[in-house]
Amino acid sequence: MKNKMTKRLFLSSMVAGALAMGTMASADSMCNKGGKHGKKGMDKSEFMQKRFDRMSTKLGLTDEQKTKVQELMQNHRNVMKPLRDEKRALRTEMMNLDPSASDFDAKVEDIANRESAIVRQTTIAQANKRKQMARILTPEQQAAKKAMHENRKSRHGKKRKYAE
């Protein structure tokens, strides 16, 4: 009787261990691929290049348009990176404030004002990028780009906040 119980306990332990190891191995392999949740092992630049290639194919961009769009995107990244970095620094500064300090409200007000200036600059930069993109694309390509945007919007539903 004791022998049967020992065998069952041993087999149960082995099965549970095998299942746990399989789950851990799967999670480890996903993590080692990099990217968000291990998606396809791409770093950000590879992801952006793939996204650009897909867009240029779907819109049928000429070589000249591809060059102009890539320059536009690079310039936009150069404008946005310092703004994102500054906003991140403000967030850290805000989290490090002492709520019991006598000047807490004044510091929060100052951070809020600086952050609103960054949001303003970001909004203007995005609008400028959109305006320049419209100058590069033909009316047909603009319509195709809008259709792509609507398709993406419908796939993501309410996950993302798109302007109507």
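For the sequence shown, our numbering assigns the number 271 to the initial residue and increments by one for each residue that follows.
Beta carbons are placed, not taken as given, at the ideal position from N, Cα and C, and that holds for glycine.
Span separating the alpha-carbon of residue i from that of residue j
i, j, result
"lysine 401", "arginine 361", "30 Å"
"glycine 305", "lysine 320", "Interpretation of glycine 305 is limited by its pLDDT of 49, a score under 50 that renders its predicted location unreliable; the figure taken from the coordinates is listed afterwards. Looking at the two C-alpha atoms, the distance is approximately 14 Å."
"serine 268", "glutamine 344", "Residue 268 lies beyond the stretch modelled for the chain, which goes from 271 to 434, so this question has no answer here."
"methionine 403", "methionine 364", "36 Å"
"asparagine 383", "threonine 393", "15 Å"
"arginine 405", "alanine 359", "35 Å"
"lysine 423", "asparagine 366", "37 Å"
"serine 372", "asparagine 348", "38 Å"
"methionine 284", "asparagine 273", "16 Å"
"methionine 275", "leucine 289", "21 Å"
"serine 282", "aspartate 313", "41 Å"
"leucine 331", "arginine 425", "24 Å"
"alanine 286", "lysine 277", "14 Å"
"threonine 408", "valine 389", "30 Å"
"lysine 377", "glutamine 412", "45 Å"
"asparagine 421", "alanine 397", "21 Å"
"serine 370", "aspartate 355", "27 Å"
"leucine 279", "histidine 419", "57 Å"
"glutamate 410", "histidine 346", "24 Å"
Nearest-angstrom beta carbon gap, residue j and residue i [assumed within contact, 8 Å]
i, j, result
"alanine 395", "methionine 350", "6 Å"
"aspartate 368", "phenylalanine 374", "7 Å"
"serine 326", "lysine 338", "The Cβ separation is near 11 Å, so there is no contact."
Pair within 8 Å by beta-carbon distance, residue i and residue j
i, j, result
"glutamine 391", "leucine 353", "yes"
"leucine 329", "lysine 399", "no"
"glutamate 385", "lysine 357", "yes"
"glutamine 506", "phenylalanine 322", "Nothing about residue 506 can be reported from this structure: the residues present for the chain run from 271 to 434 only."
I'd like the ranges of any alpha helix (DSSP H) spanning at least 4 consecutive residues and lying wholly in the region 365 to 429. Counting only runs of at least 4 residues, the region 365 to 429 fully encloses the following alpha helix (DSSP H) elements, listed from N- to C-terminal order: 374 to 406, 409 to 426.
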